[in-house]
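Engineer:
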Amino acid sequence: MHQMIRSTRPTPEFTLSPVMAGVWRMGDWNWTPQERLRWIEACIAMGVTSFDHADIYGGYTVETLFGEALALDPSLRAQMQLVGKCSICLTTENRPSYRIKHYDTSFAHIVGSAERSLRNLKVEQLDLLLIHRPDALMDADVVAEAFTHLQLLGKVKHFGVSNFTTTQFDLLASRFPLVTNQIELHPLHLAPLTDGTLDQCQQHRIQPMVWSPLAGGRLMTSDEPTASRVREALATVGARHGVSIVTMAFAWLLRHPSRPIPVAGSRRVEAMQEAVAALSVRLDVQDWTEIWSAGSGHEVP
Ligand SMILES: NC(=O)c1ccc[n+]([C@@H]2O[C@H](COP(=O)([O-])OP(=O)(O)OC[C@H]3O[C@@H](n4cnc5c(N)ncnc54)[C@H](OP(=O)(O)O)[C@@H]3O)[C@@H](O)[C@H]2O)c1
């Protein structure tokens, strides 16, 4: 058992860009390091300075791909924020000791995974580390101990969680200050609006990060009736504001008072620009509700 060390440092200032870039899919893009660098530079140039990683992305390969690109211009590190995640253990040829997919929130796994992320990314510090998924075997004291250890060594600045329910969040937050809960939210997945997740973010004054803001592309491409209905509503409201469907999908997220930070996942720079354009759009409550109704399938009661 490790000695519990309580951090006495004040929580350093925490900022992410209002729209972030997610690199989950970067391994599929089959890009050269130069092409990856150009995408990173283009994101930074448009104000998308925060990059969302996880140890497992690309079957444990994306951090290294990103690190290779960053090594071509290490001065970019000072202009970006790097978010990492750990706790999911995937069975791939890169991890021969894993017999089945499982979660691990032990001290050794959290610290070891964060240290490996730093090596892969070729950086000294992560700005934020998240527990990727809730773990039934999570011992909150142990996780707090691992977070404290990484913070005191200067390896990670801030900590948060992803996909946590409100009670799971409360449990860990009772042991260590958490700065975010990264969740799925879009008009095809409205649960966080009513299950307490976003209420909790407002209550704690933390901004949720939002993954798959376009439902992983389904919002744009799926023929499923709800997706078609949402697309139509996004187009109608978008036409009133003179913006695209993609921009409207992001503007709908940004309208929530918990101030969500969407994590956009496109390889295309122009699609990232459409996401950023949403920062200049303010929906009124009727616009917002029209899109909500298309997703929920009914008007407000
Ligand atoms: N915490 C978690 O559990 C969790 C889970 C999933 C994801 N994430 C994070 O969230 C990030 C974003 O997720 P995501 O990639 O699913 O986000 P997304 O923005 O919902 O979906 C992006 C996908 O949609 C496609 N797409 C199709 N039409 C598009 C259009 N008109 N405009 C933009 N994209 C379009 C993109 O293809 P093109 O590239 O060809 O544009 C891309 O494959 C990930 O990279 C990861 O960092 C976290």
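The end of the sequence shown is residue 302 by the numbering used here, with every number in the run present. Quick reminder that beta carbons are idealized off the backbone N, C-alpha and C, glycines included.
Taking only heavy atoms of ligand 1 into account, decide whether any of them is closer than 7 angstroms to the Cβ of N31.
Structural biologist: No, the beta carbon of N31 sits no closer than 7 angstroms to any heavy atom of ligand 1.
Engineer: Rounded C-beta distance between L372 and H187? I'm assuming under 8 angstroms.
Structural biologist: This structure cannot speak to residue 372, because the chain is shown only from 2 to 302.
Engineer: Of all the options W212, A43, A141 and V63, which has the alpha carbon lying nearest to the alpha carbon of N95?
Structural biologist: Cα-wise, what sits closest to N95 is V63.
Engineer: For H187, does the three-state DSSP call read helix, strand or coil?
Structural biologist: Strand.
Engineer: Say the cut is 7 angstroms; is the CB of M221 nearer than that to a heavy atom of ligand 1?
Structural biologist: Yes, since a heavy atom of ligand 1 falls inside the 7 angstroms radius drawn around the Cβ of M221.
Engineer: Helix, strand or coil, according to DSSP, for M27 in the structure here?
Structural biologist: In this structure, M27 counts as helix in the three-state DSSP scheme.
Engineer: In three-state terms, what does DSSP make of G48?
Structural biologist: G48: coil per DSSP, three-state reduction.
Engineer: From the DSSP secondary-structure annotation, give me the bridge partner or partners of Q82.
Structural biologist: S51, per the DSSP bridge assignment.
Engineer: Assign L284 to buried or exposed, taking buried as 16 or more other Cβ atoms, counted over all protein chains shown, within 10 Å of its Cβ.
Structural biologist: The residue is buried, with at least 16 neighbouring Cβ atoms inside 10 Å.
Engineer: Going along the chain, which residues of its own chain have a beta-carbon closer than 7 angstroms to the beta-carbon of A115, five neighbours each way excluded?
Structural biologist: Around A115: G85, C87, L127, L130, L151, K156 and V157.
Engineer: Going by the C-beta, is S51 closer than 7 angstroms to any heavy atom of ligand 1?
Structural biologist: S51 Cβ: outside cutoff for every heavy atom of ligand 1.
Engineer: Nearer than 7 angstroms: is that true of the beta carbon of Q183 relative to any heavy atom of ligand 1?
Structural biologist: The answer is yes for Q183.
Engineer: Can you tell me whether S163 is helix, strand or coil according to DSSP?
Structural biologist: Looking at S163 - three-state DSSP - the assignment turns out to be strand.
Engineer: Is it right to say I6 is buried, meaning 16 or more other beta carbons lie within 10 angstroms of its own, or is it exposed?
Structural biologist: With a pLDDT of 42 at I6, under the threshold of 50, the modelled position of that residue is not reliable, and no figure is offered here.
Engineer: Based on Cα-Cα distance, which residue from V162, L199, G68 and L194 lies nearest to E183?
Structural biologist: Per the sequence shown, the amino acid found at residue 183 is Gln instead of Glu. Minimum Cα distance to Q183 is reached at V162.
Engineer: So, with DSSP's three-state summary, where would you put P209?
Structural biologist: P209 falls in the coil class under three-state DSSP.
Engineer: Using 7 angstroms as the cut-off, classify the Cβ of P214 as near or not near the heavy atoms of ligand 1, replying yes or no.
Structural biologist: Yes, the Cβ of P214 comes within 7 angstroms of a heavy atom of ligand 1.
Engineer: Which of helix, strand or coil does DSSP assign to T9?
Structural biologist: With a pLDDT of only 42 at T9, under the threshold of 50, the placement of this residue in the model should not be trusted; the figure read from the coordinates follows. Three-state result, T9: coil.
Engineer: Quick one: using the 10 Å Cβ neighbour count with 16 as the cut-off for buried, is P11 buried or exposed?
Structural biologist: Confidence at P11 is low in this model, with a pLDDT of 45, below 50, so its placement is unreliable and no value can be given for it.
Engineer: Rounded to a whole number of angstroms, what is the C-alpha to C-alpha distance between R206 and P302?
Structural biologist: Going by the C-alpha atoms only, they are around 28 angstroms apart.
Engineer: Check the C-beta distance from V20 over to V49 and give it rounded, since I have them as a contact under 8 angstroms.
Structural biologist: About 5 angstroms; that satisfies the 8 angstroms criterion.
Engineer: Less than 7 angstroms between the CB of V231 and some heavy atom of ligand 2, yes or no?
Structural biologist: Ligands displayed in this structure: ligand 1; ligand 2 is not among them.
Engineer: With the cut-off set at 8 angstroms, would you say P34 and A79 are in Cβ contact?
Structural biologist: No, the Cβ-Cβ distance between P34 and A79 is not below 8 angstroms.
Engineer: Rounded to whole angstroms, what's the CA-CA distance from L194 to S297? Just pull it up for me.
Structural biologist: Answer to the nearest angstrom: the Cα atoms are 11 angstroms apart.
Engineer: If you draw a straight line from the C-alpha of S76 to the C-alpha of T198, how long is it?
Structural biologist: Cα to Cα, the separation comes out at about 37 angstroms.
Engineer: Would you mind stating whether I101 and T93 have Cβ atoms separated by less than 8 angstroms?
Structural biologist: Cβ atoms of I101 and T93: not closer than 8 angstroms.
Engineer: Closest to H133 by C-alpha separation, out of Q169, L154, E300 and S223, would be which residue?
Structural biologist: Considering only alpha carbons, the answer is Q169.
Engineer: What whole-angstrom Cβ distance do L255 and A278 have, given they're in contact under 8 angstroms?
Structural biologist: So it is not a contact: roughly 11 angstroms between Cβ atoms.
Engineer: Quick one: what does DSSP say I132 is sitting in, helix, strand or coil?
Structural biologist: Of the three classes helix, strand and coil, the one that applies to I132 here is strand, per DSSP.
Engineer: So, is G387 buried or exposed, given that buried needs 16 or more other C-beta atoms within 10 angstroms?
Structural biologist: Residue coverage of the chain in this structure runs from 2 to 302, which leaves residue 387 outside it and unanswerable.
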